Amino acid sequence: MTTTMTDKADQAGQASEIIARESRHVLQTYKRNPITLVRGQGVRLFDSEGREYLDLLSGIGVAALGHAHPGLARAIADQSQTLIHTSNLFYHPLQGQVAERLSELSGLPRAFFCNSGTEAVEACLKFARRYWFTKGTPRREFIALDESFHGRTFGSLSITSDPHYRDPFEPLLPSVKFVKTNDPAALDAAVSNSTAAIIAESVLGEGGIKPLTPAFADAIKRACAKSGALFIADEIQSGLGRTGYPFYFQALGLQPHLVSVGKALGGGVPVGAALVSQEVADTLSFGDHGTTYGGNLLACRAALYVLGEIFDGGVGENVKRVGKVFETRLKAIAAKHAFVKEVRGAGLMWGLDLKRDAGFVVPAALERGVIVNRTAETVVRLLPPLVITEAEAEDALGRLDAALSAAGAA
Ligand SMILES: Cc1ncc(COP(=O)(O)O)c(C=O)c1O
102 MTTTMTDKAD QAGQASEIIA RESRHVLQTY KRNPITLVRG QGVRLFDSEG
152 REYLDLLSGI GVAALGHAHP GLARAIADQS QTLIHTSNLF YHPLQGQVAE
202 RLSELSGLPR AFFCNSGTEA VEACLKFARR YWFTKGTPRR EFIALDESFH
252 GRTFGSLSIT SDPHYRDPFE PLLPSVKFVK TNDPAALDAA VSNSTAAIIA
302 ESVLGEGGIK PLTPAFADAI KRACAKSGAL FIADEIQSGL GRTGYPFYFQ
352 ALGLQPHLVS VGKALGGGVP VGAALVSQEV ADTLSFGDHG TTYGGNLLAC
402 RAALYVLGEI FDGGVGENVK RVGKVFETRL KAIAAKHAFV KEVRGAGLMW
452 GLDLKRDAGF VVPAALERGV IVNRTAETVV RLLPPLVITE AEAEDALGRL
502 DAALSAAGAA
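The sequence shown begins at 102 in the working numbering and counts up by one.
Here you go:
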C-alpha cells in the first residue's frame with residue numbers, strides 16, 4: 102500500500118486532533134511523547150502516520166507477549182463472548198487456576214487478586230498489619246528503600262521515597278523508615294521489634310534497574326529472623342520471567358512472606374495480585390479486604406494464557422537466550438560511549454546508567470524507530486517484550502547505539 106502526500110497530511114491532521122482533544126479533556130498528569138500509537142504486532146508498534154517502532158519498553162513491562170498476540174487475543178475474545186465479570190460474590194472456574202499457577206511459581210500458597218500494581222502493594226501492606234493485629238501485638242512500622250517505587254495510592258506512596266511524588270500529598274503513613282539501598286548495616290540498624298514488614302523491589306525498577314545485592318538479601322534474612330518482621334518482595338516489574346527467573350527473589354535466595362505482582366500478569370489486561378504465605382493467610386478473615394473487579398474471568402483468562410506462554414510455551418527460555426544478547430550488546434555499547442557509567446540488569450530487564458541526564462536518549466531513539474524510557478534521571482531503561490528475537494534485539498540495540506552516538510556527539 103503506497104502512502105500519498107494527501108494521506109500523510111490527513112494522518113498528521115488526525116494526530117494533532119487527537120493531541121488537541123486530549124489537552125482539552127484529559128487531566129494533564131502525564132507528559133507524553135509526541136507520537137500517537139495506533140497498532141502493534143509482536144515487538145513492533147505503529148504510529149498514526151504509519152511509522153514503525155521497535156518496542157524496548159512494552160508499555161513499562163506489561164506487554165510480555167508483545168502486541169496483538171494472536172493466542173492472547175483469541176483467549177480474550179473467547180472469554181468476552183462467554184462471561185467477563187461476575188464479582189467476588191460467586192465462584193468462577195479461573196481464579197483458582199491462576200492462584201494455583203502463581204503458587205507453584207512462587208512457593209506462596211495463596212493469592213488475592215486486584216487490578217494494578219499499586220493495589221497489590223496496598224494489599225501486602227494491609228495483610229502485614231493484619232498479621233500483627235491478629236497475633237495480638239500490633240506493629241505499624243514499615244521499612245522501605247530510599248530509591249523505591251511502589252505506586253501512587255496512599256499506602257504505596259508512603260513507602261515510595263521520591264519527594265517529588267510524595268510532597269504534594271503529605272501527610273502519608275507516618276510509620277515508614279527508609280534505608281539506603283543495598284546497605285546491610287543501615288537495614289540492621291533500622292529493624293526492630295516494631296517493624297511490621299520490610300518491603301523491597303527485588304530489582305529496583307523506577308530507581309534505575311538496581312538488583313538487590315546478595316549481601317543485602319542476607320541482611321533482609323537476618324533482619325526478619327532477628328525481629329520477626331515480615332518481608333514483602335515487590336515483583337511487579339521484575340517478576341513473571343522478566344529476569345530469567347519466575348521471580349528475582351529466587352535468584353537472591355529469599356523466601357518472602359508476601360509478594361506483589363502486576364504489569365505482565367495480564368499481558369495488557371489490568372490484573373495484579375498479592376501472593377501470601379500460609380502463615381500470613383491464617384491471620385486473615387472474611388471481609389478483611391476486597392475489590393469489585395479483582396480476578397474477574399477476563400483478567401484471569403488473560404493471566405492463565407500469559408503464564409502458560411511464559412512458563413510452558415518457551416518464552417521463559419527466550420528471555421535467557423535473548424537476555425545474553427542484551428547483556429553482550431549493552432556492555433559493548435557502554436565500552437564505546439564514555440558517558441555510559443554502568444550497565445545493570447538481568448534477563449530482559451536492563452538499565453544503562455549514564456554520567457548525565459538520560460532525557461536526550463528518548464527522542465534520539467524514537468527518531469531511529471526505537472522506544473526506550475528514561476528513569477532515575479540518568480538511566481535508559483529497557484523492558485522489551487519477552488518474546489523479542491535475537492535478530493530484533495540486534496536491530497533495536499544497533500539503533501539505540503546509533504542514537505547514543507548521535508545524541509552524545511550533539
Ligand atoms: C516495582 C513497582 N511497584 C509498583 C508499581 C505500581 O504499579 P501500577 O502502576 O500498576 O499501580 C510499579 C509501577 O511501575 C512498579 O514498577
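Glycine residues also receive a C-beta, built at the ideal position from the N, C-alpha and C atoms.
Fair warning: this is a prediction, and the values are worked out from it, not measured in the lab.
Comparing alpha carbon positions, the residue from Asp335, His438 and Gly446 closest to Val462 is His438. The nearest non-hydrogen atom of ligand 1 is 7 Å or more from the C-beta of Val407.
Proximity of the beta carbon of Gln180 to ligand 1 is not indicated: no heavy atom of the ligand is located closer than 7 Å. Taken in chain order, the whole alpha helix (DSSP H) runs of length 4 or more contained in the region 274–303 are 285–291. In this chain, the alpha helix (DSSP H) harbouring Lys236 covers Gly218 to Lys236. Taken through DSSP and simplified to helix, strand or coil, Arg343 comes out as coil.
The shortest C-alpha to C-alpha distance from Arg500 to any of Ala286, Lys456, Glu123 and Pro464 is the one to Pro464. Exposed is the label assigned to Ile119, since fewer than 16 other Cβ atoms lie within 10 Å of its Cβ. Residue side-chain check: Asp263 keeps its Cβ at 7 Å or more from all non-hydrogen atoms of ligand 1. Shown here, Lys425 sits in a helix according to DSSP, grouped into three states. Scanning its chain for C-beta atoms nearer than 6 Å, with the 5 sequence neighbours on each side dropped, one finds around Asn283 the residues Thr314 and Phe317, in chain order. DSSP places Arg253 outside both helix and strand once states are collapsed to three, so it counts as coil. The continuous stretches of alpha helix (DSSP H) do not include Leu353, and DSSP gives it neither H nor E. By the C-beta criterion, the region 346–363 is judged to be in contact with the region 214–228, since at least 3 inter-stretch pairs fall below 8 Å.
No residue range can be given for Arg133, since it is assigned to no beta strand (DSSP E) and is classified by DSSP as neither H nor E. Looking at the DSSP output, Pro312 shares a beta bridge with Val304. Residue list for ligand 1: Ser217, Gly218, Thr219, His251, Gly252, Glu302, Gly306, Asp335, Ile337, Gln338 and Gly363 (CB closer than 5 Å to any heavy atom, chain order). DSSP links Leu483 through a beta bridge to Trp451. Among the bridge pairs identified by DSSP, Ile321 is matched with none. Pairing Ala224 with Ile411 gives a Cβ-Cβ distance that is not under 8 Å. Check the Cα spacing between Ala466 and each of Leu505, Asp319 and Trp451: the tightest is with Leu505. Close CB contacts of Arg422 within its chain, under the 8 Å cut and outside five residues either way in sequence, are with Glu491 (chain order). Counted as a single uninterrupted DSSP element, the alpha helix (DSSP H) harbouring Leu398 occupies residues Leu398 to Phe412.
In the three-state scheme derived from DSSP, where H, G and I count as helix and E and B as strand, Glu201 is classed as helix.
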